[in-house]
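Take the sequence shown: its letter number 34 is residue 635 in the working numbering, and every next letter is one higher.
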Amino acid sequence: MNAKRITATALAAAFAFSSLLTLTGCGEDKPIRLRVYNWEEYIDEGGEGSYQYDIEENEDAQSLIYDFEIWYEETYDTPITVEYSTFGTNEDMYNQLKLGDQYDLICPSDYMIMKLAAEDMLEPFTEDFFDAKNELNYYIANLSPYIKDVFDSNTVTLKSTGEKHSWSEYAAGYMWGTTGFIYNPEYVSPDELDYWDAMIDSAYANKVTTKDNVRDSYFVGTAILYQDELLDLRDRYENGEMDDAAYNQGVTEIMNRTDEETVSKVQEILLEMKENIYGFETDTGKSDMVKGIIWLNFAWSGDAVYAIDLAEYGEGDEELSEEDAVYLNYFIPEECANLWFDGWVMPKGAQVEAAQAFINFLSRPDNAVRNMYYIGYTPVIAADEVYEYVEYTYGVEEGDEEDAVKYDLSYFFGKETVLLTYEDQLERQLYGQYPTEEVMHRCAVMDYFDDDANERINELWTKVKGSQLDAWAIAVICVGVVGIAAFVLLFKFGGKIDWFRRKPKKGYELVDQKPYRHD
602 MNAKRITATA
612 LAAAFAFSSL
622 LTLTGCGEDK
632 PIRLRVYNWE
642 EYIDEGGEGS
652 YQYDIEENED
662 AQSLIYDFEI
672 WYEETYDTPI
682 TVEYSTFGTN
692 EDMYNQLKLG
702 DQYDLICPSD
712 YMIMKLAAED
722 MLEPFTEDFF
732 DAKNELNYYI
742 ANLSPYIKDV
752 FDSNTVTLKS
762 TGEKHSWSEY
772 AAGYMWGTTG
782 FIYNPEYVSP
792 DELDYWDAMI
802 DSAYANKVTT
812 KDNVRDSYFV
822 GTAILYQDEL
832 LDLRDRYENG
842 EMDDAAYNQG
852 VTEIMNRTDE
862 ETVSKVQEIL
872 LEMKENIYGF
882 ETDTGKSDMV
892 KGIIWLNFAW
902 SGDAVYAIDL
912 AEYGEGDEEL
922 SEEDAVYLNY
932 FIPEECANLW
942 FDGWVMPKGA
952 QVEAAQAFIN
962 FLSRPDNAVR
972 NMYYIGYTPV
982 IAADEVYEYV
992 EYTYGVEEGD
1002 EEDAVKYDLS
1012 YFFGKETVLL
1022 TYEDQLERQL
1032 YGQYPTEEVM
1042 HRCAVMDYFD
1052 DDANERINEL
1062 WTKVKGSQLD
1072 AWAIAVICVG
1082 VVGIAAFVLL
1092 FKFGGKIDWF
1102 RRKPKKGYEL
1112 VDQKPYRHD
């Protein structure tokens, strides 16, 4: 693994460019302003963290945004400026759209893609975008057949018409991955780590974390709740009682249950989990694993790869010594995992031709490799150049073939592709970026919650995240409340209670609790 791949700095909040006229048609002299809204730290920004910098030793390696602007003008004979901004959560992005912010291209996750499409907020892709004969259509020409099947087979129902449409009509894949555990084998034996219920195992009390969002936490709770049913389904699949599609459909159905009984039981599991975990986190789990604060971290696969790299190699130009290096692994539980996607969609009113050109540019194999190197996540592109990069990164060195193990990636690349790799990669970076086909059969895509389910699950999350004080804290508060109440009573009524009355000095008597001296 090349250590420089993890030296990428955070993306700037926005790329500032001069305001230009908007698109009226490709090929014209009028410049275009393309508004792109993406996740934070989710594209090659150039500089020292860039693949171009590392390979070409080019200190002036430019960002993919800059390179796209050059390429677009050369290709379409029209100048273009990308107005690039970032968001932190799907919900933040959605709220900005509802407030009226205008974008030509955004990159939500799977469930948000379904929500936006269902609410008729997206422009469909043109037929030309899917023409593989067009030499500029890099997306459709290089898309993994596995990813293409997922996007073609999953549908969304438009609320306005009730019509069903495939994801492919509205979304182009960008990055994909799974969810699982990063774990430290120094403290956690892989032989003892099997299921999602590690989250409530007292053996990991205060040493495991989960994500601070309702969807990921709900997924974990559901997997724990239906563990027996999921494992029974797997046994039937392995015994030949159902095919791949039926097995995956069964797992997906279970993991998308949002009825009242399920939500209520999941809530109880999450409350139990809350008592056992170190805490909820969004981005600190990676560093906490490296520092040894926690032993287990619920993680998205791309973050897992980043954390494994960081722990082993460090950050910056100076690599860690063997004594300082920490070796972490990635594990996908036996019951199931979440198969997630981030994809490009075009909001209503988008400049479709320029937006599609941007997607195609990022899907060019060399650019897919650049992004994969920079951010650690796995692109949906399955071109030969991508496999060559995977082989260069994870394949065995010459002379180590006898110690190699075979790792089959044919399902993703669409042709017989067996990589010779080191045995430890079966549970490290390679496994994080490209799980085995067997694992993929038990990975479920989560639907977006309908209005009723959303209300139930948001109420669940409010109760789970609500402040729950420890017994000692409750006792202190109760004592404080009693003390304040007693003080008020004393102040108001103390003079009327005999044993609260003050004794007067010699020669005085109390009149309405005020000393009065006799003459």
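In this text, a Cβ means the ideal position worked out from N, Cα and C, and glycines have one as well.
Asked: Compare the beta carbon distance of Ala955 and Leu635 with 8 Å and say whether it is the shorter of the two.; Found: yes
Asked: If you draw a straight line from the alpha carbon of Tyr995 to that of Asp1009, how long is it in whole angstroms?; Found: 13 Å
Asked: What's the gap between the Cα of Leu622 and the Cα of Gln703?; Found: Reliability fails at Leu622, whose pLDDT of 36 lies under 50, so the model's placement of it is uncertain and no value is given.
Asked: Go ahead and label Ser754 buried or exposed: buried means 16 or more other beta carbons lie within 10 angstroms of its beta carbon, across all protein chains shown.; Found: exposed
Asked: Would Leu1020 and Val1046 be called neighbours here (beta carbons separated by less than 8 Å)?; Found: no
Asked: Assign Asp711 to one of three DSSP states: helix, strand, or coil.; Found: helix
Asked: Measure the Cβ-Cβ separation of Ala824 and Leu832 and say whether it is below 8 Å.; Found: no
Asked: Could you check the C-alpha separation between Thr811 and Phe881 for me, to the nearest Å?; Found: 5 Å
Asked: Mind pulling the alpha helix (DSSP H) runs of 4 or more residues that sit fully within the region 976 to 1026?; Found: 985 to 995, 1011 to 1014
Asked: Are the CB atoms of Tyr747 and Phe942 within a distance shorter than 8 Å?; Found: no
Asked: On the DSSP bridge assignment, give the partners of Arg634 in chain order.; Found: Thr682
Asked: Would you tell me roughly how many angstroms separate the C-alpha atoms of Trp901 and Ala983, rounded to the nearest one?; Found: 21 Å
Asked: Looking only at its chain, what residues have a beta carbon closer than 6 Å to the beta carbon of Gln957, apart from the 5 residues adjacent to it on each side?; Found: Phe730
Asked: Ordered along the chain, which non-local residues of its own chain (more than five positions away) have a Cβ less than 7 Å from that of Asn743?; Found: Ser964, Pro966, Ile982, Ala983, Ala984
Asked: How big is the Cα-Cα spacing for Leu698 and Asp844?; Found: 41 Å
Asked: Would you mind sorting Gln653 into buried or exposed? The rule is 16 or more other CB atoms within 10 Å of its CB.; Found: buried
Asked: Around the C-beta of Pro709, are 16 or more other C-beta atoms found within 10 angstroms, so that it is buried, or is it exposed?; Found: buried
Asked: Hey, would you say Gly944 sits closer than 8 Å to Gly689, going by beta carbons?; Found: no
Asked: Just the Cα atoms here: how many angstroms apart are Thr625 and Val946?; Found: Because Thr625 sits at a pLDDT of 39, beneath the cut-off of 50, its placement in the model cannot be relied upon, and the point is left open.
Asked: To the nearest angstrom, report how far apart Ala611 and Glu642 are at their CA atoms.; Found: Note that Ala611 scores a pLDDT of 35, beneath 50, so its modelled location is shaky; the value from the coordinates is reported in the next line. Between Ala611 and Glu642, the C-alpha separation is close to 5 Å.
Asked: Could you tell me the distance, in whole angstroms, from the CA atom of Gln868 to the CA atom of Phe782?; Found: 21 Å
Asked: Closest to Ile1123 by C-alpha separation, out of Thr676, Ile707, Asn691, Pro680, would be which residue?; Found: The structure shown does not extend to residue 1123, since the chain is modelled only from 602 through 1120, so no value can be given for it.
Asked: What would DSSP say about Pro786, mapped onto helix, strand or coil?; Found: coil
Asked: Rounded to whole angstroms, what is the Cα-Cα separation between Ala846 and Val852?; Found: 10 Å
Asked: Taking only the alpha-carbon atoms, compute the straight-line gap between Ala804 and Asn961 and give it to the nearest angstrom.; Found: 48 Å
Asked: My guess is that Gln952 and Ile633 are in contact by the Cβ rule of under 8 Å, so how many angstroms apart are they, rounded?; Found: 7 Å
Asked: Alpha carbon to alpha carbon, how far is Ile895 from Tyr928? Give it in angstroms, no decimals.; Found: 14 Å
Asked: With C-beta atoms as the reference, is Phe899 less than 8 Å away from Asp802?; Found: no
Asked: Once the 5 residues before and after Val1040 are set aside, which same chain residues still bring their CB inside 6 Å of it?; Found: Ile933
Asked: Do Thr979 and Trp777 count as a contact pair if the criterion is CB distance below 8 Å?; Found: yes
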